[in-house]
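A.B. asks: If you want our numbering, it's the 1-based position in the sequence shown plus 3.
Where is the CB? At the ideal position from N, CA and C, for every residue including glycine.
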Amino acid sequence: MIIGAGFAGLHMLHCLRGHGMSAQVFEAGGGVGGTWYWNRYPGARCDIESMQYSYAFSNDLQQEWTWTERYAAQPEILRYANHVADRLDLRRNISLNTRVTGAAFDEATGRWTVETEHGDRVSATFLIMAVGCLSAERVPDYRGLSGFKGGWYHTGAWPAEGVDFAGRRVAVVGTGSSGIQAIPIIAEQASHLFVFQRTANFSVPAHNGPLDPDYERAWKANYDERRAQARAMRNGILNPVNDRSALEATDAEREYVYKARWATGGLGFIVSFNDLVLNQAANDTAADFVRARIRDKVRDPKVAETLLPRDHPIGTKRICVDSGYYETFNRPNVTLVDLRASPIQEITPTGIRTHHAEYAVDSIVFATGFDAMTGPLTRLPIRGCGGRLLADKWADGPRTYLGLMTEGFANLFMVTGPGSPSVLSNMMVSIEQHVEWIGECLAFLRTHGLERIEPTREAEDSWAAHVDEVAQQTLFPRAASWYMGANIPGKPRVFMPYAGGVNVYRQICDESAAAGYRGFAMAAGTSVSVTAKDATR
Ligand code: NA7
Numbered sequence: 004m005i006i007g008a009g010f011a012g013l014h015m016l017h018c019l020r021g022h023g024m025s026a027q028v029f030e031a032g033g034g035v036g037g038t039w040y041w042n043r044y045p046g047a048r049c050d051i052e053s054m055q056y057s058y059a060f061s062n063d064l065q066q067e068w069t070w071t072e073r074y075a076a077q078p079e080i081l082r083y084a085n086h087v088a089d090r091l092d093l094r095r096n097i098s099l100n101t102r103v104t105g106a107a108f109d110e111a112t113g114r115w116t117v118e119t120e121h122g123d124r125v126s127a128t129f130l131i132m133a134v135g136c137l138s139a140e141r142v143p144d145y146r147g148l149s150g151f152k153g154g155w156y157h158t159g160a161w162p163a164e165g166v167d168f169a170g171r172r173v174a175v176v177g178t179g180s181s182g183i184q185a186i187p188i189i190a191e192q193a194s195h196l197f198v199f200q201r202t203a204n205f206s207v208p209a210h211n212g213p214l215d216p217d218y219e220r221a222w223k224a225n226y227d228e229r230r231a232q233a234r235a236m237r238n239g240i241l242n243p244v245n246d247r248s249a250l251e252a253t254d255a256e257r258e259y260v261y262k263a264r265w266a267t268g269g270l271g272f273i274v275s276f277n278d279l280v281l282n283q284a285a286n287d288t289a290a291d292f293v294r295a296r297i298r299d300k301v302r303d304p305k306v307a308e309t310l311l312p313r314d315h316p317i318g319t320k321r322i323c324v325d326s327g328y329y330e331t332f333n334r335p336n337v338t339l340v341d342l343r344a345s346p347i348q349e350i351t352p353t354g355i356r357t358h359h360a361e362y363a364v365d366s367i368v369f370a371t372g373f374d375a376m377t378g379p380l381t382r383l384p385i386r387g388c389g390g391r392l393l394a395d396k397w398a399d400g401p402r403t404y405l406g407l408m409t410e411g412f413a414n415l416f417m418v419t420g421p422g423s424p425s426v427l428s429n430m431m432v433s434i435e436q437h438v439e440w441i442g443e444c445l446a447f448l449r450t451h452g453l454e455r456i457e458p459t460r461e462a463e464d465s466w467a468a469h470v471d472e473v474a475q476q477t478l479f480p481r482a483a484s485w486y487m488g489a490n491i492p493g494k495p496r497v498f499m500p501y502a503g504g505v506n507v508y509r510q511i512c513d514e515s516a517a518a519g520y521r522g523f524a525m526a527a528g529t530s531v532s533v534t535a536k537d538a539t540r
């Protein structure tokens, strides 16, 4: 059983079929596409270039599909997901509109049973969570929201029919990637837009536009080679990395490099030098450059000052990639509200009241993010061996081996789970790697007559220590980010993704597999536990 029909679930189903296995996918949404099904807010767009944000496992697929823009917008990515589902005949094993409400492992039978919102109970030997990292959307717990007379929306659960903001006074709360993408578009539609900013963010221009046919041809002529190069990068994105410290360069050299990267646009800015997320002084040079660009773009110096990110090193929250974000604040119908100076007190029936003022609005857009990485897993009651709840096991932070499995939850796999590079990378690259690893693992178990697998406690403990050790060598823990669980009140502050790079990580996963799944305990039946070494004999 696979939960989720986003890019992870679709590929997982296809991969298992390829291994001659049967699988069924349960999907809460009314269509496939996962993130791209739910995040239909105006301006939603991928921050990875189209030519790199697609499946690499099928040459036919990657050659046939044509992207229209350098960065694809949500409707086009959703069309691609649907195309894949049709092209690979995946739909006959996908149950749409079927939210899973719980899952439990039965030690006696060695099987997982899931329950759905329709009251069905379905069981299988293996359960694969393909639920995404950013699918548990979060609306802050404001007093008065239920009494708001206008419409309110979360970017991550946008109405499929769209929202017409024409002539309306609109509030957007949140200035992460979603807010920064939506704000310029909503500003064009609304009579007035109030942007409620708690933390100013770093954003780099996308310089989006129609995809250059020559560029596309060059990619398609060398797709396999370029995909392999992308997999060898730390973040799974083929961007020219400057393998030089920012501190070795002169001021003029740094300025030259940053200007060139700014002119190119996109996430490549953060690899302008090799130590931007490792060294504070190096980081400051890039942050200063971006702050200067914000001052250039925003006419009102007071507004510009409020938009300057100062509370975290650049890149320690995923940098945003925008199309006209800062320029939007030059519009007469846009007002920036600084929540640091005056926090939201409550939602009134007709607007938002901060400490100092009340803003009358017709609609509120919450671009307030997600209970990231763990939320999609812990909001479900998932019970493993001995009836233990995953949410209880992870009460002090997620514990996994390689972000693929967690001890005490036999036969439960996670695609891009906490402890894997996932959100620090090109998700497509990370998804494919996990899906293929899980497929190979299940094939291995079948070949060896094994039906049960889970990581050892020792492997999990040493992986958690390693994930933390690597994070501590970076600047990431200095930001109050959702990588750290900091956006959710009460969530433990643990750096959740693996910052060692997708290239290194892949090697570690492959080495475990090559050593007969080192770090995992496997068993033939339901009771006898054998070590990986035994299993390979
Ligand atoms: P993010 O990146 O979590 O951004 C959420 C934004 O909402 C951020 O500016 C938050 O400020 C703000 N926020 C959250 N809670 C509140 C409250 N209670 N009051 C005011 N403002 C709040 O989510 P996105 O959807 O934009 O992006 C998620 C990822 O999707 C992104 O990284 C890309 O990979 C794609 P804060 O910074 O917490 O002070």
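I'd like the list of long-range same chain contacts for H17, defined as Cβ closer than 7 Å, with 5 residues on each side in sequence excluded.
C.D. replies: Once the five neighbours on either side are set aside, the close Cβ partners of H17 are L91, L93.
A.B. asks: Here's the rule I'm using: 16 or more other beta-carbon atoms within 10 Å means buried, otherwise exposed. How should A524 be labelled?
C.D. replies: Buried, by the Cβ-count rule.
A.B. asks: Using a Cβ-based criterion (distance less than 7 Å to any ligand heavy atom), does N242 qualify as near the ligand NA7?
C.D. replies: Checking every heavy atom of the ligand NA7 against the Cβ of N242, none is found closer than 7 Å.
A.B. asks: Only counting the same chain, and skipping five residues up and downstream in sequence, which positions put a Cβ closer than 6 Å to that of G327?
C.D. replies: Only P187 meet the Cβ criterion.
A.B. asks: Taking C-beta to C-beta, are W115 and W41 nearer than 8 Å?
C.D. replies: Their beta carbons are not under 8 Å apart, which means W115 does not touch W41 by this criterion.
A.B. asks: Exposed or buried, L270, counting other C-beta atoms within 10 Å across all chains shown (16 or more means buried)?
C.D. replies: With 16 or more other Cβ atoms within 10 Å, it is buried.
A.B. asks: Taking just the CA atoms, how far does V306 sit from F29?
C.D. replies: So the alpha carbons of these two residues sit roughly 47 Å apart.
A.B. asks: One question on the structure: do P316 and Q283 come within less than 8 Å of each other, judged by their Cβ atoms?
C.D. replies: Yes, the Cβ-Cβ distance between P316 and Q283 is below 8 Å.
A.B. asks: By how many angstroms is the C-alpha of Y56 removed from the C-alpha of G503?
C.D. replies: Answer to the nearest angstrom: the Cα atoms are 21 Å apart.
A.B. asks: Less than 8 Å between the C-beta atoms of F416 and E457, yes or no?
C.D. replies: No, the pair does not count as a contact, with Cβ atoms beyond the cut-off.
A.B. asks: Is the region 212-227 in contact with the region 323-338, if contact means three or more CB pairs nearer than 8 Å?
C.D. replies: Segments in contact, no.
A.B. asks: Taking 7 Å as the cut-off, does the CB of V426 come closer than this to any heavy atom belonging to the ligand NA7?
C.D. replies: Yes, the beta carbon of V426 sits closer than 7 Å to at least one heavy atom of the ligand NA7.
A.B. asks: Distance check for E410 and H437, CA to CA, integer angstroms please.
C.D. replies: C-alpha separation (whole angstroms): 18 Å.
A.B. asks: Within its chain, find whatever has a CB closer than 8 Å to the CB of A235; leave out the 5 residues flanking it on each side and keep chain order.
C.D. replies: Around A235: N506.
A.B. asks: Which of the three DSSP states is assigned to I317 in this structure?
C.D. replies: In this structure, I317 counts as coil in the three-state DSSP scheme.
A.B. asks: Starting from the N-terminal side, write out each stretch of the alpha helix (DSSP H) that is 4 residues or longer and does not extend beyond the region 352-405.
C.D. replies: The region 352-405 contains these whole alpha helix (DSSP H) runs: 378-381, 393-396.
A.B. asks: By DSSP's criteria, R114 is part of a beta bridge. Which residues make up the other side?
C.D. replies: DSSP lists D109 as partners of R114.
A.B. asks: So, F292 versus S248, is the Cβ gap smaller than 8 Å?
C.D. replies: No, the Cβ-Cβ distance between F292 and S248 is not below 8 Å.
A.B. asks: Within 10 angstroms of its Cβ, does A266 collect 16 or more other Cβ (buried), or is it exposed?
C.D. replies: Label assigned to A266: exposed.
A.B. asks: Can we count A2 as close to the ligand NA7, meaning its CB is less than 7 Å from some heavy atom?
C.D. replies: Past the edges of the chain, shown from 4 to 540, lies residue 2, and the structure says nothing about it.
A.B. asks: Inspect the beta-carbon positions of R496 and A489 and report whether they are closer than 8 Å.
C.D. replies: In contact: R496 and A489 (Cβ atoms closer than 8 Å).
A.B. asks: Let me check understanding here. Comparing Cα to Cα, which of A370, R298, K494 lies closest to A394?
C.D. replies: Measuring from the Cα of A394, the nearest candidate turns out to be K494.
A.B. asks: Per DSSP, which one or two residues make a beta bridge with I350?
C.D. replies: I350 is bridged to I355.
A.B. asks: Can you look up H195 in the DSSP assignment and give me helix, strand or coil?
C.D. replies: H195 falls in the strand class under three-state DSSP.
A.B. asks: Assuming G327 is part of the alpha helix (DSSP H), what are its boundary residues?
C.D. replies: First-last for G327: undefined, no H or E at that position.
A.B. asks: Using 8 Å as the cut-off, can you tell me whether the region 51-70 makes contact with the region 22-36, which would need three or more C-beta pairs spanning the two stretches below that distance?
C.D. replies: Flag = no, the region 51-70 and the region 22-36 do not touch.
A.B. asks: Just to check my reading of the structure: A467 and R402 have Cβ atoms closer than 8 Å, yes? What is that Cβ distance to the nearest angstrom?
C.D. replies: Contact flag correct, Cβ pair sits at about 6 Å.
A.B. asks: Express the C-alpha separation of M431 and N549 in angstroms, rounding to a whole number.
C.D. replies: Since the first residue of the chain shown is 4 and the last is 540, residue 549 is not available in this structure.
A.B. asks: At which residues does the beta strand (DSSP E) containing A284 begin and terminate?
C.D. replies: Taken as a continuous stretch (DSSP letters only), A284 belongs to no beta strand (DSSP E), being part of the alpha helix (DSSP H) at 283-300.
A.B. asks: Could you tell me whether the region 344-359 touches the region 147-154, where touching means 3 or more Cβ pairs closer than 8 Å?
C.D. replies: They touch, by the three-pair rule.
A.B. asks: Is Y156 helix, strand or coil when you go by DSSP?
C.D. replies: Note: Y156 maps to strand in three-state DSSP.
A.B. asks: Okay, do the region 354-369 and the region 120-139 touch, 3+ Cβ pairs below 8 Å being the bar?
C.D. replies: Too few Cβ pairs lie closer than 8 Å, so no.
A.B. asks: Take E330 and list the residues in its own chain whose beta-carbon comes closer than 6 Å to its own, dropping the five residues that flank it on each side.
C.D. replies: Here the set comprises K300.
A.B. asks: Which stretch, first to last residue, makes up the beta strand (DSSP E) that contains I456?
C.D. replies: Taken as a continuous stretch (DSSP letters only), the beta strand (DSSP E) holding I456 covers 455-458.
A.B. asks: If you drop the 5 nearest sequence neighbours on each side, which residues of the same chain put their C-beta closer than 6 Å to that of S425?
C.D. replies: Closer than 6 Å at Cβ, skipping near neighbours: C136, T419, S433, P500.
A.B. asks: Are the beta-carbon atoms of A527 and G452 separated by less than 8 Å?
C.D. replies: Yes, Cβ-Cβ distance for A527 and G452 is below 8 Å.
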